[in-house]
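Residue numbers (this note's numbering): 735 to 1052.
A short worksheet on the structure shown next.
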Ligand code: TMO
């Protein structure tokens, strides 16, 4: 009898599939694009999923820090890759002001920090300890950095605060910002020829781990507030004297009006969750296989139907 009742109510629901559900707005869902590959492909993947549901989608290229203010104001609809290390601070600031919602974490666990390819450790065997790195600073000296070591950081908008870290930990390094993510890979590739020691900004999940075995530098362990509060970390007078979180989150965020305006797409967004290998694979499609983002996304969707169709099951979009 119980079972019967269940069957009946399911049938009743199916007879009026949209009863009680508002359809998604025809206005485009605005998806921001930044300057690293996995975010670009993931944005295209999710955009193509929304399009397959009948939504219209618009991509805009934006600064990866200012985007949190844009989401909060509804100028862009969502953000698919909130990396704790790079963007936790901007995301929290927007949350405090209001207008942006936390749509949950991906399965992926992330880390972003100073990193070296394994041959560097042969020249500086005390690694991955940051003090050992600092004792080896002369190994990384270049014409550009004098007798100090060169650290190639990411593009400025990733706001890694490496100069502040160098100052707070009194390191003998000079921070140079790469103009693009590609410049980081070029630096590692050039050093590989003669196994020259290099230390650059890198992150995981990323395609790079499949190409160059390497390790992150271990800085003093991240403590909440280390980016603001001088009392956190080993230097009592300055902030930024910690490493980034070693097991950081990767979060989805949305404009708080998204749920009412595009309820089906929002419901799917709540279900979306990428793993470390999936994100590394998406980056590889562009950084190694050299596909265009749109093609890479289409290929990923074609090769992983079980992954993304599962996100549509049980939502108004299925
Ligand atoms: C934000 N990033 C993944 C490039 O560190």
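Just so it is clear, CB atoms sit at the ideal spot from N, CA and C, and this is done for glycine as well.
Are there 16 or more other CB atoms within 10 angstroms of the CB of residue 747, so buried, or fewer, so exposed? Sequence index remark: in the chain shown, residue 747 carries index 13 (1-based). With a pLDDT of only 41 at residue 747, under the threshold of 50, the placement of this residue in the model should not be trusted; the figure read from the coordinates follows. Per the 10 Å Cβ criterion, exposed.
Limits of the unbroken beta strand (DSSP E) element including residue 941: The sequence position of residue 941 within the chain shown is 207, counting from 1. It is not in any beta strand (DSSP E) - residue 941 carries neither H nor E in the DSSP assignment.
So residue 1020 and residue 775 are supposed to be a Cβ contact under 8 Å. How far apart are they, rounded? Working through the chain shown from its first residue, we reach residue 1020 at position 286. Working through the chain shown from its first residue, we reach residue 775 at position 41. Contact flag correct, Cβ pair sits at about 6 Å.
Span separating the alpha-carbon of residue 1042 from that of residue 935: Residue numbering aside, residue 1042 sits at position 308 when the chain shown is read from its first letter. Residue numbering aside, residue 935 sits at position 201 when the chain shown is read from its first letter. Rounded to the nearest angstrom, the two C-alpha atoms are 31 Å apart.
Using a 10 Å radius around the Cβ and a threshold of 16 neighbouring Cβ atoms, would you call residue 931 buried or exposed? Taking the first residue of the chain shown as 1, we reach residue 931 at position 197. Residue 931 should be labelled buried.
Are the region 953-971 and the region 796-805 touching, with three or more C-beta to C-beta distances below 8 Å? no
In angstroms, rounded to a whole number, what distance separates the CA positions of residue 796 and residue 766? By 1-based counting over the chain shown, the position of residue 796 is 62. By 1-based counting over the chain shown, the position of residue 766 is 32. Spanning the two alpha carbons is a distance of roughly 6 Å.
Sub-8 Å separation of residue 985 and residue 1003 beta-carbons: Taking the chain shown and counting its residues from 1, one reaches residue 985 at position 251. Taking the chain shown and counting its residues from 1, one reaches residue 1003 at position 269. No, the pair does not count as a contact, with Cβ atoms beyond the cut-off.
Which of helix, strand or coil DSSP assigns to residue 930: Position 196 of the chain shown holds residue 930. It is coil, neither helix nor strand.
Burial state of residue 927 (16 or more Cβ within 10 Å): For this step, residue 927 is matched to residue 193 along the chain shown. Counting Cβ neighbours within 10 Å, residue 927 comes out exposed, since fewer than 16 surround it.
Report yes if the C-beta of residue 770 is less than 7 Å from at least one heavy atom of the ligand TMO; otherwise report no. Mapped onto the chain shown, residue 770 falls at position 36. Yes, Cβ of residue 770 sits closer than 7 Å to a heavy atom of the ligand TMO.
For the ligand TMO, is there a heavy atom less than 7 Å away from the beta-carbon of residue 848? Translated into the one-based positions of the chain shown, residue 848 becomes position 114. Flag unset: Cβ of residue 848 not near the ligand TMO.
Start-to-end residues for the alpha helix (DSSP H) that takes in residue 1042: Indexing the chain shown from 1 puts residue 1042 at position 308. Residues 1039-1046.
At a cut of 8 Å, does the region 967-984 reach the region 891-907 through at least three beta carbon pairs? yes
Cβ of residue 850 within 8 Å of Cβ of residue 948? Locating residue 850 in the chain shown gives position 116, counting from the first residue. Locating residue 948 in the chain shown gives position 214, counting from the first residue. In this structure, residue 948 lies closer than 8 Å to residue 850 by Cβ.
Which same chain residues, not among the five before or five after residue 818, have their C-beta less than 7 Å away from its C-beta? What you label residue 818 is simply residue 84 of the chain shown in a count that begins at 1. Answer for residue 818: 844, 979, 982, 983, listed in chain order.
Below 7 Å, is the gap between the Cβ of residue 781 and the nearest heavy atom of the ligand TMO? The count along the chain shown starts at 1 and reaches residue 781 at position 47. No, the ligand TMO has no heavy atom inside 7 Å of this Cβ.
At which residues does the alpha helix (DSSP H) containing residue 995 begin and terminate? Within the chain shown, numbered from 1, the residue matching residue 995 stands at position 261. It spans 992-995 - the alpha helix (DSSP H) in which residue 995 sits, taken as one unbroken run.
Per DSSP, residue 1018 is paired with what? Counting from 1 along the chain shown, the entry for residue 1018 is found at position 284. Bridge partners of residue 1018: none, in fact.
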